[in-house]
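Keeping their order, the protein sequence lines are chains X, L, D and H.
For the first sequence, the working numbering assigns the number 134 to the last residue and increments by one with no breaks.
For the second sequence, the working numbering assigns the number 134 to the last residue and increments by one with no breaks.
For the third sequence, the working numbering assigns the number 134 to the last residue and increments by one with no breaks.
For the fourth sequence, the working numbering assigns the number 134 to the last residue and increments by one with no breaks.
Number of protein chains: 4
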Amino acid sequence: MQPKMSISEVTVFLRQVFPQIDDSFEVLEIGPMRAKVKMLIDHQHIRPGGTVSGPSMFALADVAYYIATLAMIGPEALTVTTSCAIDFMRKPAHADMWAEARVLKLGKVLSVGDVTLYSEGQEAPVAHANLTYSIPPK
Amino acid sequence: MQPKMSISEVTVFLRQVFPQIDDSFEVLEIGPMRAKVKMLIDHQHIRPGGTVSGPSMFALADVAYYIATLAMIGPEALTVTTSCAIDFMRKPAHADMWAEARVLKLGKVLSVGDVTLYSEGQEAPVAHANLTYSIPPK
Amino acid sequence: MQPKMSISEVTVFLRQVFPQIDDSFEVLEIGPMRAKVKMLIDHQHIRPGGTVSGPSMFALADVAYYIATLAMIGPEALTVTTSCAIDFMRKPAHADMWAEARVLKLGKVLSVGDVTLYSEGQEAPVAHANLTYSIPPK
Amino acid sequence: MQPKMSISEVTVFLRQVFPQIDDSFEVLEIGPMRAKVKMLIDHQHIRPGGTVSGPSMFALADVAYYIATLAMIGPEALTVTTSCAIDFMRKPAHADMWAEARVLKLGKVLSVGDVTLYSEGQEAPVAHANLTYSIPPK
Chain X
-3 MQPKMSISEV TVFLRQVFPQ IDDSFEVLEI GPMRAKVKML IDHQHIRPGG
47 TVSGPSMFAL ADVAYYIATL AMIGPEALTV TTSCAIDFMR KPAHADMWAE
97 ARVLKLGKVL SVGDVTLYSE GQEAPVAHAN LTYSIPPK
Chain L
-3 MQPKMSISEV TVFLRQVFPQ IDDSFEVLEI GPMRAKVKML IDHQHIRPGG
47 TVSGPSMFAL ADVAYYIATL AMIGPEALTV TTSCAIDFMR KPAHADMWAE
97 ARVLKLGKVL SVGDVTLYSE GQEAPVAHAN LTYSIPPK
Chain D
-3 MQPKMSISEV TVFLRQVFPQ IDDSFEVLEI GPMRAKVKML IDHQHIRPGG
47 TVSGPSMFAL ADVAYYIATL AMIGPEALTV TTSCAIDFMR KPAHADMWAE
97 ARVLKLGKVL SVGDVTLYSE GQEAPVAHAN LTYSIPPK
Chain H
-3 MQPKMSISEV TVFLRQVFPQ IDDSFEVLEI GPMRAKVKML IDHQHIRPGG
47 TVSGPSMFAL ADVAYYIATL AMIGPEALTV TTSCAIDFMR KPAHADMWAE
97 ARVLKLGKVL SVGDVTLYSE GQEAPVAHAN LTYSIPPK
């Protein structure tokens, strides 16, 4: 199964439907059932101690999985997160982060997979999330 | 087991350690192994369709559980989320939200419990999360 | 919303569709969007140390949520678990267990809720699980 | 980091501490931060419809992650599951199953990672789980 959308098509679509998020996220790669997405870290993502906040990491996992699913099914803005189980494993540095999203099951109604989060300059992953998205009927 | 911190003590502490979040959150109630926290919804929390974004709901669940734990153990800023499993069940309205957090297990090392999220004007809960926090050694 | 099935109707139905499990489980209560289910603990559920095994507790959570959902929607054997996030909080004793299941969202396609597990003789809950079941189209 | 236990050492240890499970499980591979484990499917694991039951798949995920952790830290029978978030994605066939377990974070107190489950004769994974194990202090 090949993606239906390219990096630039996904980027333009995100800018239209989520105007508030597009500055922080950059789509680095799109492939069959996968995507790699960067989050530019600035003041709004940092919590005391100089580390990235949990909600910011959740947002990166959520957006990365949305992009991996969207690229496979085409532009469906109403695709929404139904569940997420995230483990925070290591403290990220005050540095940009990226996410590797894998779609493990793409059904008619649900997309199920996981996302692993990395912090620049650290080899080991900092967080790992399982996500399920609901796909609206056509 | 009674809480060690009052609403005003928790509020002052949050303002010190998380200066960027204090404007959105209001601690409504603190009790034994529980807390009720309000999130004032403004433009930054909304996603297209006029609903509250997933990361904003995650943030409310996370802060509410942090407050419920903190009130029981006293001011330990380094208490951090180790995992969260959240189910998004209904679309919240463009309205303020609140969270009911329950601590189900308060150990020396881990605090485990859940949070139910509500949107003002809707009786049924909009999201439900299980959270685990790691408590630093004294 | 009232349940469509009584305790005896659910019990007979379980015996038909899951002949291998009916001896361990006893439906204690069924109410609107909730059920209480007992698991009789015997040798097969015990792991070394005299405690109940994780898979046995998972089975209790799963069956209790299945019953709570089934009682509301009527006999739909093909209703299946799509996800479960379970936290094991305390070691159960070598004693019977029971589960309190709550349906938080009953949609056309998904049933979402949680289950809290107790061990006889212990007041505090021993485990807590979020479950999602998929409901087959009619 | 290299494993501290070989396949045969893990197998002997499991037989000592979990005498009731050793017949169903076979350790196929052990490597740095990973293990591959087979579950021989027989009547006790099957639910109506000829598919493997949820609790059986949970048991496989749990045992596989236990083995991957144990091989790294050495024989610590008291290592216990603290949480598991599992997504059931496809119906397994009435066939043997295997699990690929990955340790993503091995700390002093917690081991965090995931397990992907496969059914023989099906290329796509049938379930995926995030697990956290608590490691007892020495």
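Think of the CB as a built atom: it goes at the ideal place given N, C-alpha and C, for glycine as much as any other residue.
CB of residue i within 8 angstroms of CB of residue j, strictly
| i | j | result |
| --- | --- | --- |
| T75 (chain X) | I131 (chain X) | yes |
| M135 (chain X) | M53 (chain X) | Given that chain X is displayed from residue -3 to residue 134, the structure contains no residue 135 (chain X) and the question cannot be resolved. |
| M35 (chain X) | L56 (chain X) | yes |
| A60 (chain L) | A31 (chain L) | yes |
| D58 (chain L) | V108 (chain D) | no |
Same chain only: Cβ atoms within 6 angstroms of residue i, ignoring 5 sequence neighbours per side
| i | result |
| --- | --- |
| M1 (chain X) | A67 |
| N126 (chain D) | A81, D110 |
| Q118 (chain L) | none |
| T112 (chain H) | E96, P121, H124 |
| R98 (chain H) | R30, G109, D110 |
Pick from the options that is closest to residue i, judged by C-alpha positions
| i | options | result |
| --- | --- | --- |
| F14 (chain H) | D:E25, D:I26, D:G50, D:E72 | D:G50 |
| Y62 (chain L) | L:A91, L:E96, L:Q40, L:A120 | L:E96 |
| V23 (chain L) | L:R98, L:K101, L:W94, L:L113 | L:W94 |
| L100 (chain H) | X:D92, X:V105, X:L100, X:R86 | X:R86 |
| D92 (chain H) | H:I69, H:P133, H:Q12, H:E116 | H:E116 |
| K104 (chain D) | D:P133, D:Y114, D:R98 | D:P133 |
| Q12 (chain D) | H:Y114, H:P44, H:R98 | H:P44 |
Cut-off 7 angstroms between Cβ atoms - residues of its own chain near residue i, not counting five sequence neighbours on either side
| i | result |
| --- | --- |
| T136 (chain H) | Because chain H spans -3 through 134 in this model, residue 136 (chain H) falls outside it and cannot be assessed. |
| E25 (chain X) | A31, K32 |
| V6 (chain L) | V23, I26, I63, L66, A67 |
| Y114 (chain H) | M93, W94, P121, V122 |
Burial state of residue i, where buried means 16 or more other Cβ atoms lie within 10 Å
| i | result |
| --- | --- |
| P(-1) (chain L) | buried |
| V8 (chain D) | exposed |
| H39 (chain L) | exposed |
| P88 (chain L) | buried |
| D19 (chain X) | exposed |
Contact set for residue i: own chain, Cβ-Cβ below 8 angstroms, skip 5 residues either direction
| i | result |
| --- | --- |
| P90 (chain H) | Here residue 90 (chain H) turns out to be His, not Pro, going by the sequence shown. Once the five neighbours on either side are set aside, the close Cβ partners of H90 (chain H) are I37, I42, G46, T47, V48. |
| G70 (chain H) | K0, M1 |
| L106 (chain L) | T78, T128, Y129, S130, I131 |
7 angstroms Cβ cut-off: residues of chain C touching residue i
| i | result |
| --- | --- |
| V105 (chain H) | Note that chain C does not occur in the displayed structure, where the protein chains are X, L, D and H. |
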